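The next block holds one structure in the form of C-alpha cells; read it before the comments.
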Ligand SMILES: Cc1ncc(COP(=O)(O)O)c(C=O)c1O
Ligand SMILES: Cc1ncc(COP(=O)(O)O)c(C=O)c1O
C-alpha cells in the first residue's frame, strides 16, 4: 500500500476512524483525520514529505520548540461542492504568510511543492472527511516546529513541518461580547505580532481568562504603546461599521494580515460598500456608540469566517450594538461562503480545486 | 531497582553514559545526564513525579505547546564543593519565578514538593555529573509544556513538567560586542517579557541573526515604545558602570527579574559599590561613552554569571569600552562564584545543600 506521488511518500493507514466520528456534533479542532503529512528539515534541506497515519511522534525533551517556542502555523479550510469536488480558498496566501512567519522566527521557508502540493495530495486521500453542506469544512492546520535539541537559546538546525486535518461544523461561539484592552497587549512594534507564531497565542490566554471572568468572550487588542488604536482580536481581524462605512485597521508589524480581512475588503469594494483602512481610534468608537452611528462590529478569520459582536466594554462602560435588518456582517459572510462553497461565481479567482 | 522516595517514583537507568562524556570539552546545553524528572498535570492536579531514563517521549501533533506556545522554563545551576557536596544557588527564587511565569501563561503553578524536592532527589541520583572545579557546574533546566491536544486557541487542560540536567564548563562566549535595539523589540507593556516564556526567546532569533551578521553577538533591548531606555540582553540583565556607580534598569513587565541581577546588586551594596536602579537612557550611555565616564557594561545571568561587554554600537557609531585594572564585573563575578562554590562565607544565606 506504500507509494510515491510527486516525490511524496504515502504510507496508507490500514484502518479508518471515519465511521466512529459524529459529524453532526464536532467540537472545533478536536477530531483528526486518518492521515497527516510530515516533512523534516535537516542539514539545510527539506527531506522527502511523508503522508502516514495520524499518530503521536517522539521528540527529545530538549527540543527547541519546548524551550524557545520556535513554532509557526497556518489555518485554512477545504470545502466540498455539490459535485463532490474539494476546494481550497486562496491557499497561496497562506503559503506566503507561512513563509513570512518562518523568516521572522528564523526558520526555513518551505517550497510550494511541499506546502501546496503536499496539502493537495493529503486532501485527495482524505476527501471523504470533507462533508458537503453549508458550514461544513475540513479545517487544515499546517505547522512547523523546531525539533533540534539543546538548551541554548539559538535557532534550531532541524525542523518538522506537518499538516493535520480536523473536520469542522460551522463555528458558532454564542453571543460575543468584547472588552477593549487597556492594560495588556498582544504585540508591539518590532515584535512578532504579524507572524503566526505560537507564542503570540499563549500570551493572550491569561488576559482572555480575566476577560472571560468579567463576562467577555474576547478582547479587542489596542496598540501597546498608547492603547488608543483598535487593532484585532485573538484570532480575528476586526471591522467596525460606522454609518455605512466599514472601517478596519491597516496591517502592520503588530497585526496579522488576515486572508478573510483581505477578502472582506475586496467583496465590500466590489459591491459598493464604502471602506476605510486606517487607524481606528477607541475614542472614535465610543463617540459613535454614543451618538448612534456605530452599527456593527465583527471579527473576520478563517475559523469563524465572520463573527458578529453584540457589544463592547471600555472603561467599565458597556455599549450594546443595535440589531440590524441589513447587517454588513451577515451579507458579506454569505457572499464569502457562497464563493467558498462554489454556490456563486468566483469573480476573484480565489478558489482552487484540489 | 524501582523505588519511591517522598512520593517520587524512581526508575533507575540501568546504564550510564557518564564515561562517554568528555567533561573538558562540553558545548553548552547539548549533553544530558542519565535521568530526568517528569510530572504530568491532569484533571486539575499534579500526578506523581517520576524520575527515569533521559529519553525522547511521544506527544500528539495537536499538542497545544506546538500551536500556541504554552511553555515556560527556568535555568539554574548545581555546584560541587571540595567535600563533594552539591549546592544550589537561591533555588526558591527560581521556583517562585517559575510560578509567576505559569500564572502569566495560564498554566498551573507547581508545588515546592515537586519543583524543589524533585530537583534535589534528581540531583542526588546524578551527583557524579556535578564536577568539582571553578567554572564547572550542572546546568538545570526545569520546564513545563502544554501537552493537551486540540487546535483551538485556548489554554490546555494537561501539562508536563520536566527537569533535565546538562553538565557545563564555564561559559566563555568570546569578546561580546552589543548593538542597541532601534527597531526590533523583545517585550511590551502588558506583554509577557517578565515571564520566562518560550515565545520570548524565539522572537529574538531573527533580530539577533541580523545583529550577528553585522558583527555583534548580542542585542541590548530598549523599551519598544520609544527605544530610549536600556532594558536587558537576550538572556541576561545588563549593568552599566558610569564613573564608579553601577546602574541597571528596574524590573518591570518588560524585563525578567534575574536572580543574578538581584545578587549582583546585593553584593555591590554590601561591598560599598554605589548602585542606582532606575531607567538608564541610551543618550546617557552615549554621552558617558563620549566623555569617558562609561567604564563598563556587563550582562548578568545564570548561564554566563557575568559577561563583560567590550563595546556597543548605536546608530552606526561604535563605542569601545576601556580595559580596566579594577573591573567591577570581574570583582563581582569572583565574589559570586566564591559563594556558589562555597569558597567564601555565604553571608546572604543563598546556597542550599542538596
Ligand atoms: C491574530 C490573528 N488575526 C487574524 C486572523 C485571521 O486571519 P485569516 O483570515 O487569514 O484566518 C488570525 C487567524 O486565523 C489570527 O491568528
Ligand atoms: C530574558 C532574561 N533576562 C535575564 C536573565 C537572567 O536571569 P537569571 O540571573 O535568573 O539567570 C535571563 C535568564 O537566564 C533571561 O532569560
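Residue numbers (the numbering used here), protein chains in the order written: chain A, 2 to 355; chain B, 2 to 355. Yeah, the Cβ is synthetic: ideal placement off N, Cα and C, and Gly gets one too. What you are looking at is a predicted structure, and each value in this text was computed from that prediction instead of being measured.
Buried or exposed for residue i, going by 16 or more other Cβ atoms inside 10 Å?
i: residue 160 of chain B; result: buried
i: residue 337 of chain B; result: buried
i: residue 277 of chain A; result: exposed
i: residue 184 of chain B; result: exposed
i: residue 57 of chain B; result: exposed
i: residue 52 of chain A; result: buried
i: residue 262 of chain B; result: buried
i: residue 323 of chain B; result: exposed
i: residue 257 of chain A; result: buried
i: residue 177 of chain B; result: buried
i: residue 341 of chain B; result: buried
i: residue 2 of chain B; result: Here residue 2 of chain B scores only 44 on pLDDT, less than 50, and its place in the model should not be relied on; the value that follows carries that caveat. Exposed.
i: residue 270 of chain B; result: exposed
i: residue 200 of chain A; result: buried
i: residue 317 of chain A; result: exposed
i: residue 133 of chain B; result: exposed
i: residue 8 of chain B; result: exposed
i: residue 137 of chain A; result: buried
i: residue 286 of chain A; result: buried
i: residue 233 of chain A; result: buried
i: residue 75 of chain B; result: buried
i: residue 319 of chain B; result: exposed
i: residue 150 of chain A; result: buried
i: residue 293 of chain B; result: exposed
i: residue 16 of chain A; result: exposed
i: residue 351 of chain B; result: buried
i: residue 223 of chain B; result: buried
i: residue 264 of chain A; result: buried
Look at residue i and residue j and say whether their C-beta atoms are less than 8 angstroms apart.
i: residue 71 of chain A; j: residue 65 of chain A; result: yes
i: residue 240 of chain A; j: residue 231 of chain A; result: no
i: residue 328 of chain B; j: residue 284 of chain B; result: no
i: residue 180 of chain B; j: residue 215 of chain B; result: yes
i: residue 166 of chain B; j: residue 24 of chain B; result: no
i: residue 73 of chain A; j: residue 114 of chain A; result: no
i: residue 309 of chain A; j: residue 289 of chain A; result: no
i: residue 153 of chain B; j: residue 30 of chain A; result: yes
i: residue 96 of chain B; j: residue 126 of chain B; result: no
i: residue 253 of chain B; j: residue 204 of chain B; result: no
i: residue 238 of chain B; j: residue 305 of chain B; result: no
i: residue 174 of chain B; j: residue 218 of chain B; result: yes
i: residue 189 of chain B; j: residue 255 of chain B; result: yes
i: residue 99 of chain A; j: residue 143 of chain A; result: yes
i: residue 148 of chain A; j: residue 120 of chain A; result: no
i: residue 210 of chain B; j: residue 198 of chain A; result: no
Is residue i near ligand 1 - that is, is its Cβ less than 7 angstroms away from at least one heavy atom of it?
i: residue 252 of chain A; result: no
i: residue 209 of chain A; result: no
i: residue 257 of chain A; result: yes
i: residue 70 of chain B; result: no
i: residue 200 of chain A; result: no
Report whether the distance from the Cβ of residue i to the nearest heavy atom of ligand 2 is below 7 angstroms.
i: residue 189 of chain B; result: no
i: residue 233 of chain B; result: yes
i: residue 238 of chain B; result: yes
i: residue 197 of chain B; result: yes
i: residue 261 of chain B; result: yes
i: residue 348 of chain A; result: no
i: residue 352 of chain B; result: no
i: residue 227 of chain B; result: no
i: residue 303 of chain B; result: yes
i: residue 192 of chain A; result: no
i: residue 151 of chain A; result: no
i: residue 30 of chain B; result: no
i: residue 76 of chain A; result: no
Sequence ranges, beta strand (DSSP E) only - wholly within the region 3-66 of chain A, length at least 3
Entirely contained in the region 3-66 of chain A, the beta strand (DSSP E) runs reaching 3 residues are, in chain order, 3-6, 9-12, 36-43, 51-54 and 58-60.
Members of the region 244-277 of chain B that neighbour chain C once the beta carbon cut-off is set at 8 angstroms
Absent here is chain C; the protein component of the structure consists of chains A and B.
Considering only residues of the region 173-216 of chain A, which uninterrupted beta strand (DSSP E) runs meet the minimum length of 3 residues and lie entirely inside it, listed in chain order?
Counting only runs of 3 or more, we get 177-181.
In chain order, which beta strand (DSSP E) runs of at least 3 residues are fully inside the region 266-294 of chain A?
275-278
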